[in-house]
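Report on the following structure.
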Amino acid sequence: MREVAFIKQNKAKWLEIEHVVNGKMKKNPDDLSSLYINLINDLSFSQTYYPKSKTTVYLNFLSAQIFQKIYKTKRIEENRIKHFFVTEVPMTVYEYRRYLHYAFAFFILFVAIGVISSIYDKDFATLILGEGYVNQTLENIKKGDPTAIYGSGANWSTSLMIIVNNLVVGAKLYIYGVFGGVGTLYALMQNSIMLGAFQFFFKTQNVLLESAKGIWLHGAFEIFGMVVEAMAGLILGASILFPKTLSRLESFKLGFRNSFKIYLSTVPFTIFAGIIEGFVTRYAQVMPLVLNIVIIFGTLSVIAFYYFIYPHIVIKKLKKNAIISRAKIR
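Position in the sequence shown counted from 1, then plus 185, gives you the numbering used here.
So, in structure tokens, the structure goes:
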């Protein structure tokens, strides 16, 4: 399709979106979301066939404006939090889903490095985890409870300490993205190599299953959340390195807004992981195995569904509404 024909075909729709952005026309949140998805489709088409055209620049700018309008015009009320987690975050995760794939690829690579390093260097676990921690864990293994360290301390104080520590780790994974994503990858590498060495250490002591029964009770939320935080950091870094048609400053602003939403969405999972670690993990070796399995796979299913599957469900629904909206516009 020639660019002139493309503009003529969609001009009325774009003008309507301009009116919405400028406040000359009001739309409900569902209609705004549909217009946004519709506009994103036009932008993708324009980027493919007219990459250096002013039309592409215009649509890029307009899509950023309508995206912000969707949320700035909403009242601050109880459903605002619901809308954030039910619609806003999934839309953003879908838009940047390739960064989630990148983050998991690096995570798996770094964990593998931790495992392989432990295989070829028997002292690697001590180097990474610390001699005191390793010796204490060895003592616990001799006593028949490899995860006994999680039972030390009071419930609330332990949970609070863990939550604060994990929030700090998550913040670093995200904020370090300002260094072009390199800082995020470095922080992810540190934590992932430690995880690989940690798990392989238990394997060398023939208590891998027993350790997994405890570690992954809280680990499903904690580790998966860590990868999502790394995803947010990579988005932040990419917004600086690859501004595309936007100025570097505008790209950074947009990247920061969107990546921060994704980072913020991990906070509830981090808090729940801390609560589980403080209150439940200490009973890992005495609770029925079926309960371990239910908690581990239950928490893993929840967070995996939210970040991998649910965004596609939301977008599919919005695209369906967009088709209806497009029919009304034309």
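Even for Gly, the Cβ is constructed at its ideal location relative to N, Cα and C.
Using DSSP with H/G/I as helix, E/B as strand and the rest coil, what is residue 227?
helix
Of the choices 272, 247, 371, whose alpha-carbon is the least far from that of residue 295?
371
Continuous alpha helix (DSSP H) assignments of at least 4 residues falling wholly in the segment 348-400:
367-389
Cβ neighbours of residue 440 in the same chain (closer than 8 Å, five flanking residues each side left out)
420, 421, 423, 424, 425
Output the distance between the C-alpha atoms of residue 415 and residue 389, rounded to the nearest integer angstrom.
29 Å
On a CA-only basis, which of 407, 191, 353 is nearest residue 455? Give me that one, please.
407
Run of the alpha helix (DSSP H) containing residue 195, from where it starts to where it stops:
188-206
Does the Cβ of residue 503 have 16 or more other Cβ atoms within 10 Å, making it buried, or fewer, making it exposed?
buried
Taking buried to mean at least 16 other C-beta atoms within 10 Å of its own C-beta, is residue 401 buried or exposed?
buried
Among 242, 391, 199, whose alpha-carbon lies nearest the alpha-carbon of residue 221?
199
Cβ contact check for the segment 466-479 and the segment 332-339: 3 or more pairs under 8 Å:
yes
Where residue 232 and residue 250 are concerned, what is the direct C-alpha to C-alpha distance, given to the nearest angstrom?
18 Å
Give a yes or no on whether the C-beta atoms belonging to residue 265 and residue 496 are separated by under 8 Å.
no
Here's the rule: buried if 16 or more other CB atoms are within 10 angstroms of the residue's CB, otherwise exposed. What is residue 337?
exposed
Out of 436, 412, 452, 453, which one is the CA nearest neighbour of residue 493?
412
Please report the straight-line C-alpha distance between residue 253 and residue 203, rounded to a whole angstrom.
13 Å
Going along the chain, which residues of its own chain have a beta-carbon closer than 7 Å to the beta-carbon of residue 192, five neighbours each way excluded?
240
Report the option in 325, 289, 195, 418 whose CA atom is closest to the CA atom of residue 489.
289
In terms of residue numbering, what span does the alpha helix (DSSP H) encompassing residue 321 cover?
316-327
If contacts are defined as beta-carbon pairs under 8 Å, then residue 285 and residue 274 qualify, I think. What distance do you get, rounded to the angstrom?
With a Cβ gap of about 12 Å, residue 285 and residue 274 do not count as contacting.
In chain order, what residues of the same chain lie with their CB nearer than 7 Å to the CB of residue 484, ignoring the 5 residues before and after it?
405, 406
Should residue 387 and residue 303 be called a contact, given that it needs their Cβ atoms to be closer than 8 Å?
no
Going by the CB atoms, is the gap between residue 410 and residue 362 shorter than 8 Å?
no
Counting along the chain, where does the alpha helix (DSSP H) carrying residue 283 start and finish?
282-305
Starting from the C-beta of residue 351, find all residues in its chain whose C-beta is less than 7 Å away, skip the five residues before and the five after it, and write them out in chain order.
407, 455, 458, 459
Alpha carbon to alpha carbon, how far is residue 434 from residue 427?
11 Å
Excluding sequence positions up to five away, which residues of its chain have a Cβ less than 6 Å from the Cβ of residue 205?
212
Taking the CB atoms as reference points, tell me whether residue 499 and residue 272 lie closer together than 8 Å.
yes
Starting from the Cα of residue 292, find the closest Cα among 369, 461, 207 and give me that residue.
369
My guess is that residue 398 and residue 477 are in contact by the Cβ rule of under 8 Å, so how many angstroms apart are they, rounded?
5 Å
In three-state DSSP terms, what is residue 431?
coil
If you check the beta carbons only, do residue 343 and residue 208 fall under 8 Å apart?
no
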